[in-house]
Every structure is written in C-alpha cells, then in structure tokens.
Amino acid sequence: MLREFLPNGPLRDVIALNWYTQKMISLINCISLLLILCCIDITFAGHCHSCFTYCKTLPNGKIDPESCDCVGNATCTGDFCFAKIEIFVDEITAIVQKGCSTDIPGGNEGCQYAGHAESIHCYCSGEMCNNRKQLNNYNVYRLPTVECCECSESHGDKCSDHQCIRKCRGNYCLVDFDGIEQGCGLGFPRLQSFLRTKSYHDWPNSVTCARYEATLSTIIKGCTCNVPSGRCNEVNQTREIQLKKVIERAPELQNYCYSLHQTSKQPFTQDIFKKSDTCEGRFCFISLTTSELVLESASFEEAYEDHQHFVGLTQPKFELLAGCLKVDDDAKVEVGCTTEYSTNMSEPISRHCVCDSHLCNYYHLLSGRPDSRGRQRGVETLSNQAVERSNTIHINRPSKTSSVASLSLIMLTILLSLLIC
Numbered sequence: 029m030l031r032e033f034l035p036n037g038p039l040r041d042v043i044a045l046n047w048y049t050q051k052m053i054s055l056i057n058c059i060s061l062l063l064i065l066c067c068i069d070i071t072f073a074g075h076c077h078s079c080f081t082y083c084k085t086l087p088n089g090k091i092d093p094e095s096c097d098c099v100g101n102a103t104c105t106g107d108f109c110f111a112k113i114e115i116f117v118d119e120i121t122a123i124v125q126k127g128c129s130t131d132i133p134g135g136n137e138g139c140q141y142a143g144h145a146e147s148i149h150c151y152c153s154g155e156m157c158n159n160r161k162q163l164n165n166y167n168v169y170r171l172p173t174v175e176c177c178e179c180s181e182s183h184g185d186k187c188s189d190h191q192c193i194r195k196c197r198g199n200y201c202l203v204d205f206d207g208i209e210q211g212c213g214l215g216f217p218r219l220q221s222f223l224r225t226k227s228y229h230d231w232p233n234s235v236t237c238a239r240y241e242a243t244l245s246t247i248i249k250g251c252t253c254n255v256p257s258g259r260c261n262e263v264n265q266t267r268e269i270q271l272k273k274v275i276e277r278a279p280e281l282q283n284y285c286y287s288l289h290q291t292s293k294q295p296f297t298q299d300i301f302k303k304s305d306t307c308e309g310r311f312c313f314i315s316l317t318t319s320e321l322v323l324e325s326a327s328f329e330e331a332y333e334d335h336q337h338f339v340g341l342t343q344p345k346f347e348l349l350a351g352c353l354k355v356d357d358d359a360k361v362e363v364g365c366t367t368e369y370s371t372n373m374s375e376p377i378s379r380h381c382v383c384d385s386h387l388c389n390y391y392h393l394l395s396g397r398p399d400s401r402g403r404q405r406g407v408e409t410l411s412n413q414a415v416e417r418s419n420t421i422h423i424n425r426p427s428k429t430s431s432v433a434s435l436s437l438i439m440l441t442i443l444l445s446l447l448i449c
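Just so we're on the same page, this note's numbering is the position in the sequence shown counted from 1, plus 28.
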C-alpha cells in the first residue's frame, strides 16, 4: 500500500519498513490495551436473605421445605449466600439460618451434608439466591460413596492397626488418632473447610492428613480420604502418612503461632492474647464464633421425655481458637479469611483465617483494625482484607447484572480498540 506512493530505490524500502514497524507497534499496543481492559471485572454488591426460623421435622426426620423456610425483609450484602439447616433428631425440631458468606467452602455451590445427615449447608451466588426454589428444596446432590473402616475405642472397641473390625459406607472416610476413631462421613469433610481448600475437586481419590493445635488440651490429628478402593482409613496406613508427611515434614518452614482457646458470653478484646502461649506449625490459624444454636422447651415439664414442643434460638457464645496447623501438602491450604454473617453491621456469625508467617494469627484479623503490634512480615494482605470489614461490610459479588456490564465493557473496548488502531 505505502510502496505505491514512494519513489523506487533503497529509500523506498527503508521508509516502508519504518512505516510497517510503527504500524505493528501500534497494533501490539492496541491488543495489549484490549487484553488489559477485558480483564477488568465490574461487580455490583449482591443481596442475600438474612433470617432465622425453626420447625417440626417430618416423620422421616427431614424438613418440609415449604413450611420450614424463611425469607423475611432483612438482607445482607456479600459475595455469596448461605442457608444452613440443623436437625435435632431427639427433639424432632430443625433450625434454618440464612445469611452471607465471603467464600464457598470447597468451591461447590448447592446443598450438601456437613459431615452427617443432621447438618445441611447450602451455598450459592446470585441475587437473593438462598431460597428453597433456587437451592432445590435444600436437597443434597449425589456424591460417590466409599467403603471405610469403622471402630471407636472410646465406645469400647479394640481397633486393629491392619484391618477393619467393622465397615461402613459414606462419601468419605475419617480417622482420628486421639483414642482411635474410624468411621464414615456424609457430604464434604469439615477438615477441608478448616484448611480453606479452594476446590475439593482438585483432590479426588486422595488422603488428607493434618494436625492442628490451639492449646495442649486442644490438639486434633487425623485424616480424611475418599479412595474408591476402600478402607483408606486403616490405622497403620494413615498413621504413616501423618508421621512422615505431616509431623516430620519441612521442619525448616515452621512458624511460631499464637496458641489460645477461650470462651465467653461477651465479645473478646485484644487483651485476651495476654493469656496466649505459642506453638509451631507450617500455618497459623485463628477462628471466632459468636453464637450457638439452642432449643428450649415451649412448656414446662418435669420429665425430659414429656417435652413435645421446642423453640429454636440463637444465643451469644463467643469462642476463640488460635493455633498452629500442619498438613501433608501445603497446596491443600488456602491462606486468607472466610466470614459468615447475617447483617452488614453486626458481629460475624463466624470468621476463620489461615496465614503463613510468624505470629500472624493475631487479633487484628478478627477486628478489622490495623495491627497494633507494628509491621508484621507476611500479614499485610490479610490485614487489608480485615480492614475492609472494620465497621460495615462492603463486598462485591459477580452477579448476572455484573456479567452483563462486563460483557458490555468488553464489546465497547473492542470497538474503541478497532477505531484507535
């Protein structure tokens, strides 16, 4: 094109080469701008139902999703929504609680058992999505089952190191080395939620072993697994993993962590850490819960078995756990914080943080205030995350509206880029 307007000779080739070079640089710049702008995501705050109710369970021990549900006028703003159902079998009563969450444990939307059939946890993304219709009437979705060893020394069993004295079937197997407990679990393991594992599906057919300590009297060490061949929770097999890959692994990468376990009827202050000790782990954690679910009899009866009607309540109970964590594979742990709450201005229902530097599991991760100890290596990111929720929760969540806005932005960017180029 340009050559047609230039005289013949060496100068023509030089000028043409320079023109094409400048044109290529301009095109590359336009493409770079396009890629950068296309990666920008405009999100809008989403709302979730925030409510609490209780009801009688059906004869089969389940709930009627139509009569045992709540929506109400209260809402919260967050990344994700949750609905939790806790069933009290002996009292024939269920409690339903809804609110907002900053994460979906394990990355799986929908409803699933949280370890056993009496606890169903549902998570979703979308405007006011935590209603029974969008959550399939709170029905759990099907997961593969595995065969596990079952034994309980606390109930008088003599557990074998090499074989199963009984078997059970569940969605995963578990073993607790403190007194030897083997068994089956339904849904997803709570251990992976504690580790903040980003996606359960990244670890299929695997064994996960961990040890965490809050105080010398609060030490948990055990494994969960879902290997299809079965009996993956044999004592001898999992104990070897616990010893080699958890306890003895990477001693040079250990961090000092605050070690603390306290309960109270009042909120904690920073002074509670004056009672703390320290422990060593690859990661540190800090967890806070602010309430508990309780049932009270609706009438006065002398004998417990005469109580027929119960009222579900939440009452203040503050429990703080801080300690150290070791796991068989660091990739199974996601550093950061997960918060669940019912209103934007209230105390969170729960907050759980995992960090990976010396003494990083301090009060500031819970309070949202700056770290009063001064600059701490490796915790600035978590501090900034906590500050965002200092007084009120301002959380952006991708929604259908934001997806449309993002698509519109991309189309506009492409058009502008073509015009510029």
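For every residue, glycine included, the Cβ atom is placed at its ideal position computed from N, Cα and C.
None of the values given here were measured: they were computed from a predicted structure.
Host alpha helix (DSSP H) of residue i (start-end)
i	result
F222	R218 to L223
I269	V263 to I269
H392	H392 to S395
Separation of residue j from residue i, as counted between CA atoms
i	j	result
H183	G211	13 angstroms
Y166	P93	7 angstroms
E155	G74	5 angstroms
T451	G396	With the chain covering 29 to 449 only, the question about residue 451 has no answer from this structure.
P344	D399	26 angstroms
K249	R239	4 angstroms
C157	C109	7 angstroms
R277	F301	29 angstroms
N372	G364	20 angstroms
E368	G100	19 angstroms
S418	L394	Bear in mind that a pLDDT of 34 at S418, under 50, signals an unreliable position, so the model cannot answer this.
S304	Q140	36 angstroms
F72	L341	Any reading at F72 needs caution, since the residue's pLDDT is 46, under 50, leaving its predicted position unreliable; the model's value is listed next. If you take the alpha carbons of F72 and L341, they lie about 33 angstroms apart.
I438	D299	Note on I438: pLDDT 41, under 50, position unreliable in the model; no value is reported.
V361	A326	44 angstroms
Y284	D118	44 angstroms
I132	D230	15 angstroms
E280	D185	39 angstroms
V274	Y391	27 angstroms
C196	P232	20 angstroms
L349	Y286	10 angstroms
C260	P172	15 angstroms
A359	D107	24 angstroms
E308	K354	9 angstroms
C201	S221	16 angstroms
R425	K90	Here the model assigns R425 a pLDDT of 34, short of 50, so the residue's position is not dependable and the matter cannot be decided.
R405	T130	Any answer about R405 is weak, because its pLDDT of 45 lies below 50 and its placement is not dependable; what the coordinates show is given next. So the two alpha carbons sit approximately 25 angstroms from each other.
R194	C177	6 angstroms
K161	I123	18 angstroms
T306	T266	27 angstroms
G127	V168	19 angstroms
L387	T366	19 angstroms
G215	C187	25 angstroms
P87	D356	43 angstroms
N389	G258	37 angstroms
Start-to-end residues for the beta strand (DSSP E) that takes in residue i
i	result
L202	Y200 to D204
R239	V235 to T243
E181	Segment: none, E181 is in no beta strand (DSSP E) and carries neither H nor E.
K226	Unbroken run through K226: none, as it is neither H nor E.
T81	C79 to K84
L260	Before going on, a small fix: residue 260 reads as Cys here, not Leu. Note, C260: premise wrong, no beta strand (DSSP E); not H, not E.
L214	E209 to G215
K249	T246 to C253
Whole-Å CB distance - residue i paired with residue j, under 8 angstroms assumed
i	j	result
T246	H289	5 angstroms
C104	C83	Incorrect: roughly 22 angstroms between the Cβ atoms, too far for contact.
K226	G135	6 angstroms
F313	G351	6 angstroms
T121	T85	6 angstroms
F338	E324	7 angstroms
L219	T252	5 angstroms
N254	V174	6 angstroms
A111	S78	Between S78 and A111 the Cβ distance is about 11 angstroms, and since that is not below 8 angstroms, they are no contact.
E209	S180	5 angstroms
Review point. Given 8 angstroms as the limit, is there contact between the stretch 139-156 and the stretch 373-387, that is, 3 or more CB pairs closer than that?
Key: no
Can you give, in chain order, each stretch of the beta strand (DSSP E) that sits fully within the stretch 106-175 and has at least 3 residues?
108-116, 121-129, 138-143 and 147-152
Three CB pairs or more closer than 8 angstroms across the stretch 367-378 and the stretch 266-275
no
- Along the chain, which unbroken stretches of the alpha helix (DSSP H) at least 4 residues long are found entirely within the stretch 329-382? none
*asked:* Suppose only complete runs of 4+ residues qualify. What are the alpha helix (DSSP H) ranges in the stretch 272-338, listed by chain order?
replied: none
*Evaluate contact between the stretch 317-328 and the stretch 198-216, counting only Cβ atoms and requiring at least three cross-stretch pairs below 8 angstroms.*
no
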